[in-house]
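First the structure, in the form of structure tokens, and then the observations on it.
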Amino acid sequence: MKALIIDDSRAMRSILRRIVTALDFETEEAGHGQEALDKLRDGELPDVCLVDWNMPVMDGYTFITEVRSNPDWRGMTLMMVTTESEQRQIVRALAAGAHEYVIKPFTPDAIAEKLEMLGLVGGAA
Amino acid sequence: MTAAPDTYESVSALVRRETAMVYDAGKEYLVEARLRPLATAAGCSTVDEYVRRLPLDAEERRKAMDALTINETSWFRDHAPYQVFTDVLLPRLLEAKAAQRHLRIWSAAASSGQEAYSVAMLLDQHLPAGWTHEIVATDVSTAMLDRVRAARYSAVEVNRGLPATALVRYFERAGNEWEVVPHLREKVTVRHLNLAAPYVGLGHFDLILLRNVLIYFDQDTKHDILRRMRAMVEPHGYLMLGSSETTLDLPSDLAAAWRREQEGRVQVHRPTTGA
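These protein sequence lines are chains L and B, in that order.
If you're matching positions, the first sequence starts at -10 in our numbering and goes up one per residue.
If you're matching positions, the second sequence starts at 82 in our numbering and goes up one per residue.
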């Protein structure tokens, strides 16, 4: 499994990298939505993108809208990981095509459980 | 710094006496972590000093019990049991209760309420129109029961296993927290109950969730609880234990009282007829 971590905070990328690496994911990182789109166009598609909302250049919401407008990327799972916790924003992100939503702050278990719910991590035997 | 060994022993004895739960050796760090904030609040400089005070102070003892008996929990914990509930058990219960059109479910170690409200969410989605239901949430910790009643959860808590679609559908923002919507809250009745003490006035249940709590009791208490649970479940009803809890080592009377059924990865228990 491969995860693309999209967050403008290097510290947050590193936290998420450690969590998903422990779940046997390979990781790639991008500092904003545009950089992430460029990576998707150039390389091998990840199974999941972990997407921050508020980022420079291109925010996470726009990124999700862009991804969902490209049928080639339909199989990719999108999970918002953000401090944005207004209910209507969560509804907006889900409507735009995000599969799941994690509000910062989170525990490592929360990420693991959501990835398991999305069928990307094997459940406990 | 961890609590002194005799402190740990007296805490274990106290927890056992008040709740029949067993604190195995090796959980010293847990006692320290959970009692430290209370010790500080009570003006004690060490956890040892605080524990020495407990036999003399009923109010402080209640707070310590609350702190020592909490469990971390997530929504739809372990997933598979909830899947089995909606896909397998619920259709059968709907058939068995077609005349009454009412279901009663017991979350027997409710902790902070995630299990009770997870079931409430599923019933909201899957119960046919015209049916009613009641979920009884019991716990030994009064602090936990207050939390179930308040039905408010932090962002950290709502992240744990709760699908985002359920978050926006069944919760409302309340400041920095999330509050379960009233129409789910009103389905959940909260009662204080020590599982090792008699079960009085609870009625009978179509489903009893006794998950991840028996591990805290010694063997005799565990068997006693399972014996008394038998009288609490309807003849067509079910008992669900935690996914890591086995009943293979049951004494013969209990093995005859409960029939174990495997539903995929999940084990459910049904009362045998005539036991």
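The C-beta atom is built at its ideal place from N, Cα and C for all residues, glycine as well.
Using the three-state DSSP reduction, which class does L104(L) fall into: helix, strand or coil? helix
List the residues of chain L whose Cβ lies closer than 8 Å to the Cβ of N293(B), in chain order. What N293(B) touches in chain L, judged by beta-carbon distance under 8 Å, is nothing: the nearest beta carbon there is about 13 Å away.
Hey, would you say H285(B) sits closer than 8 Å to R173(B), going by beta carbons? no
Grab the span of the alpha helix (DSSP H) containing M1(L) for me, first residue to last. Membership of M1(L) in the alpha helix (DSSP H) is indicated by the continuous run R(-1) to A11.
Boundaries of the alpha helix (DSSP H) in which A245(B) is found, first to last residue: A245 to Y251
In whole angstroms, what is the alpha-carbon distance linking R371(B) and L116(B)? Residue 371(B) is absent from the model: chain B starts at 82 and stops at 356.
Three-state secondary structure assigned by DSSP to E99(B): helix
For the alpha helix (DSSP H) holding E342(B), just list the boundary residues, first then last. For E342(B), no alpha helix (DSSP H) segment is defined; the enclosing uninterrupted segment is the beta strand (DSSP E) at W339 to E344.
Is the shortest distance between the beta-carbon of M1(L) and the beta-carbons of chain B less than 8 Å? no
Run through DSSP, which three-state label would E258(B) get? strand
Taking 8 Å as the limit between beta carbons, can you name the residues of its chain near A273(B), skipping five residues before and five after? The identity of residue 273(B) in the sequence shown is His, whereas the question assumes Ala. For H273(B), where only same-chain residues beyond five positions count, the Cβ hits under 8 Å are T219, D220, V221, T223 and L226.
According to DSSP, residues forming a beta bridge with S54(B): In the structure displayed, chain B extends from 82 to 356; residue 54(B) sits before or after that span and is not available.
Helix, strand or coil at L175(B) [DSSP, three-state]: helix
Would you please verify whether the beta carbon of V237(B) is less than 8 Å from any beta carbon of chain L? yes
Buried/exposed call for G49(L), threshold 16 Cβ in 10 Å: buried
Suppose the cutoff is 7 Å on Cβ atoms and the five residues either side in sequence are ignored; what does the same chain contact list for A114(L) look like? With a pLDDT of only 37 at A114(L), under the threshold of 50, the placement of this residue in the model should not be trusted, and no figure is reported.
So, is the C-beta of A84(L) closer than 8 Å to a C-beta in chain B? no
What distance in whole Å lies between the Cβ atoms of L135(B) and L95(B), which are believed to be in contact at a cut-off of 8 Å? 6 Å
Since I believe R2(L) is in contact with E18(L) (beta carbons under 8 Å), could you give me their beta-carbon distance rounded to a whole number of angstroms? About 5 Å separates the two Cβ atoms, so the contact holds.
Measuring alpha carbon to alpha carbon, tell me which residue in H183(B), T270(B), A190(B) and E215(B) is nearest F298(B). A190(B)
Nonlocal neighbours in the same chain, by C-beta distance under 7 Å from T42(L), ignoring five residues either side: Residue 42(L) is actually Trp in this sequence, not Thr. Only D48, G49, Y50, M69, T71 and E73 meet the Cβ criterion.
Which residues in the same chain as D(-4)(L) place their Cβ atom closer than 6 Å to its Cβ, once the five residues preceding and following it in sequence are excluded? R2 and D41
Using a Cβ-Cβ cutoff of less than 8 Å, which residues in the same chain neighbour T353(B) once the five nearest sequence positions on both sides are dropped? A337, A338, W339 and R340
What residues are listed by DSSP as bridge partners for C38(L)? L(-7)(L) and L67(L)
Start-to-end residues for the alpha helix (DSSP H) that takes in Y50(L): That run of the alpha helix (DSSP H) goes G49 to R57.
E89(L) versus E75(L), M106(L) and T54(L), residue with shortest Cα-Cα distance: M106(L)
From which residue to which residue does the alpha helix (DSSP H) around E141(B) run? A139 to L149
Is the CB of A99(L) under 8 Å away from at least one CB in chain B? yes
Strictly below 9 Å CB to CB, what residues from chain B border I53(L)? Correct list: empty, because the minimum Cβ distance to chain B is about 13 Å.
Got a sec: does the ligand FAD put a non-hydrogen atom nearer than 7 Å to the Cβ of D129(B)? Of ligands this structure carries none, so the ligand FAD is not represented either.
Buried or exposed, going by whether 16 or more other CB atoms sit within 10 Å of the CB of H350(B)? Buried, because 16 or more other Cβ atoms sit within 10 Å of the Cβ of H350(B).
Could you check which residue in M313(B), K178(B) and L170(B) has the C-alpha nearest to that of Y280(B)? M313(B)
Contacts of A245(B) in chain L (Cβ-Cβ under 7 Å): I79, L83, E89 and Y90
For T154(B), count the other beta carbons within 10 Å of its own beta carbon; 16 or more makes it buried, fewer makes it exposed. Which is it? buried
Step through the CB atoms of chain A and report whether any lies within less than 8 Å of the CB of T66(L). Judged by its chain identifiers, the structure shown contains no chain A, and its protein chains are L and B.
Using the three-state DSSP reduction, which class does G22(L) fall into: helix, strand or coil? helix
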